[in-house]
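Colleague: Quick note on this note's numbering: the sequence shown kicks off at 448 and runs consecutively.
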Amino acid sequence: MNKFIKTVCILFMALLGMAAIASSEDDSPVALLIQPKGEVMYSGDGKTWKMVNRNHFLFEGWRVKTGADGFCKLVNNETGMIESIKGDTEVEILSQGIKAVKGTISAPEHSSSFMGMLKRKFAKVQKYAVIKRRPKAPKRIKLKTAKEITLSEDYPDLVWENVGPEYSYRLVVGEKTFDVPASDRDMARFSLSSIEPGQFDYHVRVFCNGELVYKPGKKGKLHWMSDDEMKSLRKKEESVRQTDPDGFLLGNFMDDHGLKVPAMDLYRKFLSKNPDANKMRPFLLKVLSDLNLETLKKAEIKAYHSQAE
Numbered sequence: 448m449n450k451f452i453k454t455v456c457i458l459f460m461a462l463l464g465m466a467a468i469a470s471s472e473d474d475s476p477v478a479l480l481i482q483p484k485g486e487v488m489y490s491g492d493g494k495t496w497k498m499v500n501r502n503h504f505l506f507e508g509w510r511v512k513t514g515a516d517g518f519c520k521l522v523n524n525e526t527g528m529i530e531s532i533k534g535d536t537e538v539e540i541l542s543q544g545i546k547a548v549k550g551t552i553s554a555p556e557h558s559s560s561f562m563g564m565l566k567r568k569f570a571k572v573q574k575y576a577v578i579k580r581r582p583k584a585p586k587r588i589k590l591k592t593a594k595e596i597t598l599s600e601d602y603p604d605l606v607w608e609n610v611g612p613e614y615s616y617r618l619v620v621g622e623k624t625f626d627v628p629a630s631d632r633d634m635a636r637f638s639l640s641s642i643e644p645g646q647f648d649y650h651v652r653v654f655c656n657g658e659l660v661y662k663p664g665k666k667g668k669l670h671w672m673s674d675d676e677m678k679s680l681r682k683k684e685e686s687v688r689q690t691d692p693d694g695f696l697l698g699n700f701m702d703d704h705g706l707k708v709p710a711m712d713l714y715r716k717f718l719s720k721n722p723d724a725n726k727m728r729p730f731l732l733k734v735l736s737d738l739n740l741e742t743l744k745k746a747e748i749k750a751y752h753s754q755a756e
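(1) What are the boundary residues of the alpha helix (DSSP H) that residue 688 is part of?
(2) If you check the beta carbons only, do residue 652 and residue 617 fall under 8 Å apart?
(3) Just the Cα atoms here: how many angstroms apart are residue 642 and residue 671?
(4) Please return the same chain residues whose Cβ sits closer than 7 Å to the Cβ of residue 661, not counting the five positions on each side in sequence.
(5) Tell me whether residue 708 sits in a helix, a strand or coil according to DSSP, three-state version.
(6) Let's see if you can read the secondary structure: which residues bound the alpha helix (DSSP H) around residue 748?
(7) Under 7 Å Cβ to Cβ from residue 741, same chain only, skipping five residues before and after it: list those, please.
(8) Would you identify the three-state DSSP class for residue 615, choosing helix, strand or coil?
(9) Tell me whether the stretch 619-633 and the stretch 699-711 touch, counting them as touching only if at least three CB pairs, one residue from each stretch, are closer than 8 Å.
(10) Any idea which residues DSSP pairs residue 490 with across the strands?
(11) Classify residue 656 as buried or exposed, calling it buried when 16 or more other Cβ atoms lie within 10 Å of its own Cβ.
(12) Whole angstroms are fine: how far does the CA of residue 517 sit from the CA of residue 498?
(13) Within the continuous beta strand (DSSP E) that includes residue 606, where are the two ends?
(14) With a CB to CB cut of under 7 Å and the five nearest residues on each side skipped, what residues in its chain are close to residue 699?
(15) Can you give me the start and stop residues for the beta strand (DSSP E) that residue 648 sits inside?
(16) State the CB to CB distance for the pair residue 710 and residue 734, rounded to an integer number of angstroms; the pair is presumed to be in contact (CB under 8 Å).
(17) At which residues does the beta strand (DSSP E) containing residue 523 begin and terminate?
(18) Figure out for me which residue from 738, 724, 541 has the closest Cα to the Cα of residue 752.
(19) Identify, in the order they occur along the chain, each residue of the same chain with its Cβ nearer than 6 Å to the Cβ of residue 528, setting aside the five sequence neighbours on each side.
Now the structure itself:
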């Protein structure tokens, strides 16, 4: 009984001390080398040899050889048999058994059913060796939103820099909260609704895998226009549209009234239709700066200087 317990303990230590694990379940180890003493080496191709000084998994076709003072034991995962390898011996690892290439090996002995358990566990522990591509939050996330912004029923969109496609957001406006899903675009965009006229504190929280990873220390100011304000704006807006159908002046009009998002949209649309109007680009840069959209701002700065004379 003591011999059995000793064998189990040795095999358990072998599991804890394994040096290499195959990259897929199809490459399950054929044998386990235990109790190496003296000069013991292994090779995956029969040409390049490496010293073994601890328990080691062996795979189909690998070889083991010992020097004059070498000794080890091999436990075959398929047969559950243990074979002793003495000095000046070379063997080939095969699933059906250990084949002597040089020298002799001892008669195989049963190692108990523990090897079957070890083999099954090997397949399970593979998942712990896989590098998980789980999104990780950077050490320090920093998200800035517009310090002051105006929205309305006609222009309800709020935007902010997207810190990554793996992040979702929670927009907090006054006492109301809105969950915003992750996006793979440079900016996150969300249309507000059911907001009463007035001014509110607002901020955006960042989440990764459902966990809060960023909450700003300072809050911005969001003004939601009343019906009377909207009526006045619409009247002026129509006048500007008639004066400038291309939309550049309308973008400037929106910016002057705190409607940064429609101003951005109008400027971008204008420059898209008029790519040679590079001198107008700084107006867009100003709005992008107000909205703290750094990624888009950098792209526009690059475009501006590449076209500048």
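Where a beta carbon is used, it is the ideal one built from N, C-alpha and C, also for glycine.
Modeller: On the basis of the data shown:
(1) Here residue 688 is taken as the residue at index 241 of the sequence shown, counted from 1. Residues 674-690.
(2) Residue mapping note: residue 652 aligns to position 205 of the sequence shown, counting from 1. Residue mapping note: residue 617 aligns to position 170 of the sequence shown, counting from 1. Yes. Within cutoff.
(3) On the sequence shown, position 195 is the one that residue 642 refers to. On the sequence shown, position 224 is the one that residue 671 refers to. For residue 642 and residue 671, the distance between alpha carbons rounds to 7 Å.
(4) What you label residue 661 is simply residue 214 of the sequence shown in a count that begins at 1. Here the set comprises 588, 590, 652, 653.
(5) Here residue 708 refers to the residue found at position 261 when the sequence shown is read from its first residue. If DSSP states are grouped into helix, strand and coil, residue 708 belongs with the helices.
(6) Taking the sequence shown and counting its residues from 1, the one referred to as residue 748 is at position 301. Note, residue 748: alpha helix (DSSP H), 741-754.
(7) Your numbering for residue 741 matches position 294 in the sequence shown. Cβ within range, chain order: 608.
(8) As a working mapping, residue 615 is identified with position 168 in the sequence shown. Three-state result, residue 615: strand.
(9) no
(10) For the purposes of this step, residue 490 is taken as the residue at position 43 of the sequence shown. Answer is 510, bridged to residue 490.
(11) For the purposes of this step, residue 656 is identified with residue 209 of the sequence shown, where counting begins at 1. The residue in question, residue 656, is exposed, as its Cβ has fewer than 16 Cβ neighbours within 10 Å.
(12) Locating residue 498 in the sequence shown gives position 51, counting from the first residue. Locating residue 517 in the sequence shown gives position 70, counting from the first residue. Computed Cα separation, rounded: 11 Å.
(13) On the sequence shown, position 159 is the one that residue 606 refers to. 604-608 is the span of the beta strand (DSSP E), which, as asked, contains residue 606.
(14) Start at 1 with the first residue of the sequence shown, and residue 699 comes out as number 252. Closer than 7 Å at the Cβ level, and outside the excluded window around residue 699, lie 730.
(15) For the purposes of this step, residue 648 is taken as the residue at position 201 of the sequence shown. Here the beta strand (DSSP E) through residue 648 covers 645-655.
(16) Within the sequence shown, the letter at position 263 stands for residue 710. Within the sequence shown, the letter at position 287 stands for residue 734. Right, the Cβ-Cβ distance comes to about 5 Å (below 8 Å), so this counts as a contact.
(17) Looking up residue 523 in the sequence shown gives position 76. First-last of the beta strand (DSSP E) with residue 523: 518-523.
(18) For the purposes of this step, residue 752 is taken as residue 305 along the sequence shown, with counting starting at 1. Checking every option, the nearest Cα to that of residue 752 belongs to 724.
(19) Position 81 of the sequence shown, counting from 1, holds the residue named residue 528. Excluding positions up to five away in sequence, the list reads 555.
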